[in-house]
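Step one of this worksheet: look at the structure below.
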Amino acid sequence: MTWLRKLLFPIAVLYGFITSIRNYLYDKGILKSHAFDVPIIAVGNLSVGGTGKTPQIEYLIRLLSPQYKVATLSRGYKRKSKGFILADASANAGALGDEPFQYFQKFPQIQVAVDADRRNGISQLLAQKDKPDVILLDDAFQHRKVKAGFYILLTAYDDLFCDDWMLPTGNLRESRSGAQRADMIIITKCPNTISEIAQEKIRQKIGLDKPIFFSFVDYDDQVYSATDSLSVSEIKNKTKILLAGIAKPKPFFDFLKAENDMVISYPDHHHFSNAEIEALKSQAGEKIIVTTEKDFVRLEAAILRKQLYYLPIKSRLVSNATTFDQIILDYVGIGTGNR
Numbered sequence: 637m638t639w640l641r642k643l644l645f646p647i648a649v650l651y652g653f654i655t656s657i658r659n660y661l662y663d664k665g666i667l668k669s670h671a672f673d674v675p676i677i678a679v680g681n682l683s684v685g686g687t688g689k690t691p692q693i694e695y696l697i698r699l700l701s702p703q704y705k706v707a708t709l710s711r712g713y714k715r716k717s718k719g720f721i722l723a724d725a726s727a728n729a730g731a732l733g734d735e736p737f738q739y740f741q742k743f744p745q746i747q748v749a750v751d752a753d754r755r756n757g758i759s760q761l762l763a764q765k766d767k768p769d770v771i772l773l774d775d776a777f778q779h780r781k782v783k784a785g786f787y788i789l790l791t792a793y794d795d796l797f798c799d800d801w802m803l804p805t806g807n808l809r810e811s812r813s814g815a816q817r818a819d820m821i822i823i824t825k826c827p828n829t830i831s832e833i834a835q836e837k838i839r840q841k842i843g844l845d846k847p848i849f850f851s852f853v854d855y856d857d858q859v860y861s862a863t864d865s866l867s868v869s870e871i872k873n874k875t876k877i878l879l880a881g882i883a884k885p886k887p888f889f890d891f892l893k894a895e896n897d898m899v900i901s902y903p904d905h906h907h908f909s910n911a912e913i914e915a916l917k918s919q920a921g922e923k924i925i926v927t928t929e930k931d932f933v934r935l936e937a938a939i940l941r942k943q944l945y946y947l948p949i950k951s952r953l954v955s956n957a958t959t960f961d962q963i964i965l966d967y968v969g970i971g972t973g974n975r
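If you want the numbering used here, it's the 1-based position in the sequence shown plus 636.
Dropping the structure here:
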């Protein structure tokens, strides 16, 4: 924690008080939450960014879409459009935001929508003739105007919410007590070798009677361009440029970096200007550029087409995946009448 963040502690106390009052008003029904007659799973966190929401949403899509009509609804952070948009053939990252556009490209069998007003977005999805059986709300743990049927709280292994403080002293959007609204907690970005003893210590530290699961980031063994792929083992020892505009890029860089690689980091959800793309092309020369999947959908351009690759990731559970899947399937199955 920097000295400036420590100095801002009184503001953190005030911010925590305001968010606590807001939550109290919703908990007591003074402020109204709207429920819908469809299974809704909200995935989110208590902290700002970097907990792995995108791969967790993708995990749920893979689990549910073979059996149900799935829709995702996101705010569409930093998109250039307004209001409700349902992705179609004309969609792009500018209109949807990078994460929703990534879902749209990877999972053509689902519906992908964006709307900052989640209540309106859900209403619009359910007003369609081909309405979804289940809706996944991306980054909606604090969006209390909608009452989801099932809440999944994510917290990173190296930055647990129970060890954090309110903004701006720490990174919490609301107090730690907000975790009590969760139906399930996932500790993300764990070492894939985390022991049962270490898992139990974290459960005790969190101290909540909730199902708690542990997941890790599983990197693909290939990197992909718009036209071909290369094996990770092949490119690891090549001199290349590694580029990321995500909240916590260090694990991505560490996984791929060779001694002479150039590493370039941008802020989370960075929109690349034409000048930046031209400069990147000039820096790269003939070397390949490897970026994250989220950045690829924002960065893909004709000038980089032959040398720009991305590394996909997946969220995998350290253990008890069958139990996790069954909890989700049971909730959705009851809500849909198993249709």
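Idealized CB from N, CA, C, for every residue including glycine. Every value quoted in this text rests on a predicted model; they were computed, and no experiment measured them.
Could you tell me the alpha carbon to alpha carbon distance between residue i and residue j, rounded to whole angstroms?
i	j	result
L667	L661	5 Å
I833	T824	17 Å
Y967	F786	8 Å
F740	K716	17 Å
I842	A818	12 Å
I721	Q840	43 Å
A815	I963	19 Å
L761	S831	42 Å
S901	K765	44 Å
Q943	L892	16 Å
G730	I877	24 Å
A957	I697	15 Å
I654	F797	19 Å
D890	S869	14 Å
K718	D795	33 Å
H905	P885	12 Å
S813	P646	19 Å
Sort the options by Cα distance to residue i and report the nearest one.
i	options	result
I871	I882, A862, G881 and Q858	Q858
T875	L762, A920, I970 and P903	A920
F888	L762, I913 and F852	F852
S918	V684, Q778 and I939	I939
M820	P847, R812 and V649	P847
D856	N756, E929, I788 and A883	E929
G685	K705, E735 and T829	E735
A723	I697, V750 and L699	V750
Y793	F850, D769 and S759	F850
D673	T927, T959, V770 and P804	V770
I913	K886, L879, K884 and P885	L879
R754	C826, Y651, Q703 and I676	I676
S811	L732, Y651, P646 and W639	Y651
T972	A671, I949 and Y704	Y704
Y946	L699, R809, V649 and T863	T863
L644	L699, S726 and W801	W801
Given a threshold of 16 other Cβ atoms within 10 Å of its Cβ, counted over all protein chains shown, does residue i qualify as buried or as exposed?
i	result
R952	exposed
I970	exposed
A707	buried
T687	buried
Q747	buried
G881	buried
D931	buried
T927	buried
V679	buried
Q745	exposed
A784	buried
S861	buried
T791	buried
So does residue i have its beta carbon nearer than 6 Å to some heavy atom of the ligand SAH?
i	result
K705	This structure lacks the ligand SAH; in fact it carries no ligand of any kind.
What is the C-beta distance between residue i and residue j, in whole angstroms, given that I count them as a contact (C-beta under 8 Å)?
i	j	result
F743	S701	7 Å
L789	N873	Between N873 and L789 the Cβ distance is about 39 Å, and since that is not below 8 Å, they are no contact.
F804	R658	Rather than Phe, the amino acid found at residue 804 in this sequence is Pro. Contact doesn't hold; Cβ gap of about 18 Å is too wide.
K934	F908	A small correction: the amino acid at residue 934 is Arg; Lys does not occupy that position in the sequence shown. Correct: roughly 6 Å between the Cβ atoms.
- Could you tell me whether the segment 698-718 touches the segment 828-843, where touching means 3 or more Cβ pairs closer than 8 Å? Between the segment 698-718 and the segment 828-843, the count of Cβ pairs shorter than 8 Å is below three; the stretches do not touch.
- Stretch pair the segment 770-781 + the segment 667-686: three plus CB contacts closer than 8 Å: Three or more beta-carbon pairs drawn from the segment 770-781 and the segment 667-686 are found closer than 8 Å, and the two stretches are therefore classed as touching.
- Specify whether the segment 684-702 and the segment 766-776 touch according to this definition: at least 3 beta carbon pairs, one from each stretch, less than 8 Å apart. Output reads yes: the segment 766-776 touches the segment 684-702.
- Query: Is the segment 881-897 touching the segment 919-934, taking contact as three or more C-beta pairs under 8 Å?
  - Reply: In the pairwise beta carbon analysis, the segment 881-897 is classified as touching the segment 919-934: at least three pairs are separated by under 8 Å.
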